[in-house]
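Working notes for the structure below.
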Amino acid sequence: AVEVPVKRSDIIKMIDEQLDVPVRTGRFRQRAYGIYKQQPEVIRLRTSNDIYTLAHEVGHHLDNKLGLGGISAKNTQFDSELMKLGQATSRSSFSPEQVRAEGVAEFMRYYLLDPEQAQGLAPKYFSAFEQKIANTGVKETLSNVRQQVQNFVSQSPTQRVLGQISTSGQPRERMTLDKIYAKTFDE
């Protein structure tokens with residue numbers, strides 16, 4: 074019985090579809106591995122299939138949708154946890170609100186990729202976050218993503234390599250000038 078390998082692209086597709094936020098590659102100038110744009114809502118990654126950066130940007134998306142930073146803005150008891158997490162991805166010029174937003178995004182990265190570490194680094198915020206998403210479809214989606222990430226990480230090196238090979242679609246037809254002309258003018 075050959076197991077079907079878990080592909081990074083499948084995890085990204087799940088996030089794209091279930092969280093209703095397009096995930097695209099490139100087309101931004103900022104010096105970052107990825108960005109989240111609020112208008113239009115889109116996540117852009119410098120490198121395709123970068124799950125670590127995507128998990129961070131999902132944090133910005135959910136913060137925008139669910140007001141996750143608001144959990145902290147109302148209760149400064151979470152600031153010590155979030156501000157510490159946010160330092161890693163913040164510039165020195167960032168305001169406390171921006172550092173907090175980075176903290177929320179970094180928390181999400183840990184939450185999706187290493188939940189035990191997320192709980193260890195921000196135990197109070199972890200509990201508040203789980204309460205905030207308890208009765209939303211987001212909880213199930215994040216749980217599915219975490220399971221897929223865990224499946225990806227725990228698969229054998231051979232399965233990981235097989236997961237990088239594209240097996241769908243038809244082989245691309247080699248285009249020559251004659252074929253381009255025929256498709257343009259004859260069809």
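All the letters of the sequence shown, read from the start, carry residue numbers 74 to 260 under my numbering.
C-beta atoms are modelled at their ideal positions from N, C-alpha and C, and glycine is treated no differently.
Complete alpha helix (DSSP H) runs within the segment 136-201 (minimum length 4 residues, chain order): 141-147, 152-159, 169-186, 188-194
Proximity of G140 and E179 at Cβ, strictly below 8 Å: Residue numbering aside, residue 140 sits at position 67 when the sequence shown is read from its first letter. Residue numbering aside, residue 179 sits at position 106 when the sequence shown is read from its first letter. It is not a contact, given that the beta carbons lie outside the stated cut-off.
Whole-Å CB distance - K205 paired with E154, under 8 Å assumed: Along the sequence shown, read from residue 1 onward, the residue named residue 205 stands at position 132. Along the sequence shown, read from residue 1 onward, the residue named residue 154 stands at position 81. 15 Å between Cβ atoms; not a contact.
Rounded separation between L194 and M181 - CA only: Reading the sequence shown from its first residue, position 121 is the one you call residue 194. Reading the sequence shown from its first residue, position 108 is the one you call residue 181. Distance between the alpha carbons of L194 and M181: 12 Å.
Under the three-state DSSP convention, the category I116 falls into: By 1-based counting over the sequence shown, the position of residue 116 is 43. Three-state result, I116: strand.
Rounded straight-line distance, which links the Cα of S200 to that of G142: Here residue 142 corresponds to residue number 69 of the sequence shown, with the count starting at 1. Here residue 200 corresponds to residue number 127 of the sequence shown, with the count starting at 1. Using only the alpha carbons, I get a separation of about 14 Å.
Pair within 8 Å by beta-carbon distance, R117 and F101: The residue you call residue 117 lines up with position 44 of the sequence shown. The residue you call residue 101 lines up with position 28 of the sequence shown. Yes, the pair counts as a contact, with Cβ atoms nearer than the cut-off.
In DSSP terms, what I108 is bridged to: Looking up residue 108 in the sequence shown gives position 35. In DSSP, I108 forms a bridge with R117.
Beta-ladder partner(s) of T98, from DSSP: By one-based count along the sequence shown, residue 98 stands at place 25. T98 is bridged to L118.
Residue closest to D83, alpha-carbon to alpha-carbon, out of Q221, S165, T162: The residue given as residue 83 occupies position 10 in the sequence shown. Nearest C-alpha to D83: Q221.
Three-state secondary structure (DSSP) of I238: For the purposes of this step, residue 238 is identified with residue 165 of the sequence shown, where counting begins at 1. Three-state DSSP puts I238 in coil, outside helix and strand.
Boundaries of the alpha helix (DSSP H) in which L215 is found, first to last residue: By one-based count along the sequence shown, residue 215 stands at place 142. Run containing L215: 210-227, per the alpha helix (DSSP H) assignment.
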